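Inspection log for the structure reproduced underneath, given as structure tokens.
Number of protein chains: 2
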Amino acid sequence: MRTPNAQFMSAEVIPLPNQRATLDPMLALTASGMNAVNSVILERMQSEIPLIPRLAGHLISGGGKRLRPMLTLAGAELVGYQGTRHHKLAAAVEFIHTATLLHDDVVDGSELRRGKAAANIIFGNPATVLVGDFLFSRAFELMTEDGSLKVLKILSHASAVIAEGEVAQLGAQRQLETSEERYLHIIGAKTAALFAAASQISAVVAECGEEQERALEDYGRNLGVAFQLVDDAIDYDSQAAEMGKDQGDDFREGKMTLPVILAYARGSEEERKFWKAAIQGHRTSDEDLGHAIELVRRHNAVDDTRERARHFAQRAIDAISIFPSSKARQAMTEAAHFAVARGY
Amino acid sequence: MRTPNAQFMSAEVIPLPNQRATLDPMLALTASGMNAVNSVILERMQSEIPLIPRLAGHLISGGGKRLRPMLTLAGAELVGYQGTRHHKLAAAVEFIHTATLLHDDVVDGSELRRGKAAANIIFGNPATVLVGDFLFSRAFELMTEDGSLKVLKILSHASAVIAEGEVAQLGAQRQLETSEERYLHIIGAKTAALFAAASQISAVVAECGEEQERALEDYGRNLGVAFQLVDDAIDYDSQAAEMGKDQGDDFREGKMTLPVILAYARGSEEERKFWKAAIQGHRTSDEDLGHAIELVRRHNAVDDTRERARHFAQRAIDAISIFPSSKARQAMTEAAHFAVARGY
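Protein chains in written order, with our numbering: chain A, 267 to 610; chain B, 267 to 610.
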């Protein structure tokens, strides 16, 4: 029989994320579909203006995981969809994502993206903005060709929400008073909205009803939050080197991510003084980054950010529990574990 | 009886553009419709993120003529459409246009737009890019609400063509070898495609058949080319001050517009040397601009650019001659004359 104390003890034993979880089952599940999606992507990023496929290709061939279109394909497997309409739509999702990455590079002025020089560094801001616009337009052309007004509604709304999230993030930059709630709201918009939409549209093309649609949307949204949380944790994790983005970018840009929000909230007066200066951009040396990482570690803020991610990953997993057990559900479950375990 | 010589004589007498032509009949024709469109615009540029309507409003309330939505309304009048669906669609057209202007400001680094500080100067490049993305997404949300896949196809394609045109223009910047043909191709994409689409969709909502649709598309496209040609002429016209954009912007940015293409083609060796240096960015003083304007004038390049515009305006007018005479056709005809006469 449990005593209150035993309960407390058991609450102390935080289950570790499944550190051996990989994306492999997801990759296997969607491999042949992704070939079809990649063909659409390559075909539809072409243009009579050679700079367009060159610039788009820099990012598109640049080693991204193509997680979002993979979600559309996995969702289609989960609901037993037999057609091919989702290939074009998954490509449209990837185009929207690529457009936002290109614009992000301009917005952040980042020099690296996935370990390579960012598009704006090679091609300049003007071309990077415009090729983003081109891909965004192409995404809507693809959706229009498919012809589902419901998909168009979902993805045009998601696109507006993403832009709102990015503007909100801009407003929160260098604002130390950003709360965890506000942060979650921002990443819900800038990242999770497209995960949710990518996942949901698989149920829409399969016409499998409101409940399934909602379940897939919830899976995608929670998974997106988990991925973003772990991305943000990795930027302060001394042991992580997976990302290929310059570690410390968020720190130098004064981005208010959860590791900072937690470390600041839990910090001493002196530590808070450091964070104030750092977030305002007065502490950007490697030594300062080292100190920031040390403070984040001291207050368990990376682990706790991962712990928050685990919570959302679990919600993602539970959302699809309405579907019977299958290879697809298993792969999607492991993908959620992977979201949390990355960079360990 | 005409002799060959008399024919030649008559060809010499180039009819002046109708210098008293105004937009007034067009404004009167579309006044009540534009009220409805403006309501949609104001309502749909709102967001929970206050910076979005503030930044969008800076441009949207900034005194633009809203020509493109006006074309949708005028077209609807021309074909006798009785519904209200076109109000949302006209707002979507204006959102697409506003999004491209915001991104243009970032691309060009212009300091002024319509005589006011450009959005990027006040709000910075990051927010300007993102609010452009937001408006672009909103445009597709509006179209999706309307539900016409044909309109979605026309406007998503137009958006992709605009982006291609802008990238092509970027490639032609500081390229003295840009031909008139290439220039016309670029302005056909970056400007005329949206004029064409805005005009065409009025026939689509009215479901009035292929021939009418084509006629309205042709009207819009030719009108768009005429407007752009005259815009480009005004930038070198010592007498024009209508634009509210810094005169000489094109010159300083090394944009290859028709006045320069003509002046260069017709210039002496020495003049060509000047143009080479200027277009490459080595002649940007007020004195240099004065000299450029003088060269353009010497070779009649502003007048001849206007003359080219007159040709396209006439094609626009003739395209809608398949419709019976009406107040709408008269207003659209005068708008085409106005396109040529502006800034005289």
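C-beta: ideal position from N, C-alpha, C; glycine also.
Predicted, not measured: the structure shown is a model, and the values here were computed from it.
Starting from residue i, trace the alpha helix (DSSP H) in both directions and tell me its first and last residue.
{"i": "A/PRO319", "result": "317–326"}
{"i": "A/SER403", "result": "391–412"}
{"i": "B/HIS369", "result": "351–374"}
{"i": "A/LYS593", "result": "593–607"}
{"i": "A/PRO335", "result": "333–344"}
{"i": "B/ALA297", "result": "290–310"}
{"i": "A/SER313", "result": "Here A/SER313 belongs to no alpha helix (DSSP H), and DSSP marks it neither H nor E."}
{"i": "B/SER534", "result": "From DSSP, B/SER534 is part of no alpha helix (DSSP H); its letter is neither H nor E."}
{"i": "B/GLY381", "result": "Neither: B/GLY381 is in no alpha helix (DSSP H) and is coded neither H nor E."}
{"i": "B/LYS416", "result": "415–438"}
{"i": "B/PHE461", "result": "459–471"}
{"i": "B/HIS451", "result": "446–453"}
{"i": "A/ARG286", "result": "No alpha helix (DSSP H) holds A/ARG286; DSSP gives it neither H nor E."}
{"i": "B/GLN478", "result": "476–500"}
{"i": "B/GLU443", "result": "Per DSSP, B/GLU443 belongs to no alpha helix (DSSP H) and is neither H nor E."}
{"i": "B/ILE559", "result": "552–564"}
{"i": "A/PHE589", "result": "Segment: none, A/PHE589 is in no alpha helix (DSSP H) and carries neither H nor E."}
{"i": "B/ASP503", "result": "Premise fails: B/ASP503 is in no alpha helix (DSSP H) and is neither H nor E."}
What's the call for residue i, buried or exposed, on a 16-neighbour Cβ count within 10 Å?
{"i": "A/THR571", "result": "buried"}
{"i": "B/ASP290", "result": "exposed"}
{"i": "A/ALA543", "result": "exposed"}
{"i": "B/ILE388", "result": "exposed"}
{"i": "A/GLN273", "result": "Confidence at A/GLN273 is low in this model, with a pLDDT of 41, below 50, so its placement is unreliable and no value can be given for it."}
{"i": "A/ARG301", "result": "Rather than Arg, the amino acid found at residue 301 of chain A in this sequence is Asn. Per the 10 Å Cβ criterion, exposed."}
{"i": "A/PRO392", "result": "buried"}
{"i": "B/GLU477", "result": "exposed"}
{"i": "A/GLU443", "result": "exposed"}
{"i": "B/GLN285", "result": "exposed"}
{"i": "A/ALA605", "result": "buried"}
{"i": "B/SER591", "result": "exposed"}
{"i": "A/THR394", "result": "buried"}
{"i": "B/SER327", "result": "exposed"}
{"i": "B/MET598", "result": "buried"}
Within its chain, find whatever has a CB closer than 7 angstroms to the CB of residue i; leave out the 5 residues flanking it on each side and keep chain order.
{"i": "B/GLY547", "result": "ARG440 and GLY520"}
{"i": "A/ILE452", "result": "GLY431, ALA434, GLN435 and ALA438"}
{"i": "A/GLU537", "result": "LEU561"}
{"i": "A/LEU524", "result": "GLU446, TYR449, LEU495, ASP498, THR571 and ARG574"}
{"i": "B/MET336", "result": "MET292, THR296 and MET300"}
{"i": "B/ALA469", "result": "GLY341, VAL345, GLN478, GLU479 and LEU482"}
{"i": "B/GLU508", "result": "With a pLDDT of 45 at B/GLU508, under the threshold of 50, the modelled position of this residue cannot be trusted, and the question is left open."}
{"i": "A/ALA594", "result": "LEU295, ALA340, GLU343 and LEU344"}
{"i": "A/HIS353", "result": "GLY299, ALA302, VAL303 and VAL306"}
With a cut-off of 8 angstroms on the beta carbons, I'd call residue i and residue j a contact; round off their distance for me.
{"i": "B/HIS603", "j": "B/ALA287", "result": "3 angstroms"}
{"i": "B/ALA424", "j": "B/ALA463", "result": "4 angstroms"}
{"i": "A/VAL359", "j": "A/ARG334", "result": "5 angstroms"}
{"i": "A/LEU415", "j": "B/THR410", "result": "6 angstroms"}
{"i": "B/ALA582", "j": "B/ALA492", "result": "7 angstroms"}
{"i": "B/ALA226", "j": "A/SER403", "result": "Residue 226 of chain B lies beyond the range of chain B shown here (267 to 610); nothing can be said about it."}
{"i": "A/VAL303", "j": "A/ALA365", "result": "That pair is no contact at about 16 angstroms."}
{"i": "A/ALA385", "j": "A/ASP371", "result": "6 angstroms"}
{"i": "A/ALA322", "j": "A/VAL397", "result": "6 angstroms"}
Could you pull out every residue in the same chain whose Cβ sits closer than 8 angstroms to the Cβ of residue i, ignoring the five residues on either side in sequence?
{"i": "A/GLN596", "result": "PRO291"}
{"i": "B/THR550", "result": "PHE517, ARG518 and ALA544"}
{"i": "A/LEU418", "result": "PHE406, MET409 and THR410"}
{"i": "B/PHE361", "result": "ILE307, ARG310, MET311, LEU401, PHE402, ARG404, ALA405 and LEU408"}
{"i": "A/LEU325", "result": "THR364, LEU367, LEU368, ARG379 and ALA385"}
For residue i, collect the residues of the same chain with a Cβ closer than 6 angstroms to its Cβ; drop the 5 residues on either side in sequence, then sort them by chain order.
{"i": "B/GLY510", "result": "Confidence at B/GLY510 is low in this model, with a pLDDT of 46, below 50, so its placement is unreliable and no value can be given for it."}
{"i": "B/GLY329", "result": "ARG380"}
{"i": "B/ALA458", "result": "ARG487, GLY490 and VAL491"}
{"i": "B/PHE589", "result": "LEU344 and ARG595"}
{"i": "B/GLU600", "result": "ALA287 and PRO291"}
{"i": "A/TRP541", "result": "TYR530"}
Cβ of residue i less than 9 angstroms from any chain E Cβ?
{"i": "B/ILE326", "result": "Checking the listed chains, one finds no chain E in this structure; the protein chains it contains are A and B."}
>> Which residues of the segment 405–420 of chain A have a Cβ closer than 7 angstroms to any Cβ of chain B? Give them in chain order.
In response: PHE406, GLU407, THR410, GLY413, LEU415, LEU418 and LYS419
> Listed from N- to C-terminal order along the chain, which residues in the segment 289–309 of chain B have their beta-carbon within a distance smaller than 7 angstroms of any beta-carbon of chain A?
Replying inline: none
>> Beta carbons nearer than 7 angstroms to chain B: which residues of the segment 420–442 of chain A have them?
In response: SER422, HIS423, SER425, ALA426, ALA429, GLU430, GLU432, VAL433, ALA434, LEU436 and GLY437
>> For the segment 387–404 of chain A, list every residue whose C-beta sits within 9 angstroms of some C-beta in chain B, in sequence order.
In response: GLY390, ASN391, PRO392, ALA393, VAL395, LEU396, VAL397, GLY398, ASP399, PHE400, LEU401, PHE402, SER403 and ARG404
> When you check each C-beta in the segment 345–364 of chain A against every C-beta of chain B, which residues fall closer than 7 angstroms?
Replying inline: none
>> Taking beta-carbon pairs under 7 angstroms, can you tell me which members of the segment 364–381 of chain B lie near chain A?
In response: HIS369, VAL372 and VAL373
>> Which residues of the segment 314–342 of chain B have a Cβ closer than 8 angstroms to any Cβ of chain A? Give them in chain order.
In response: GLU314, ILE315, LEU317 and ILE318
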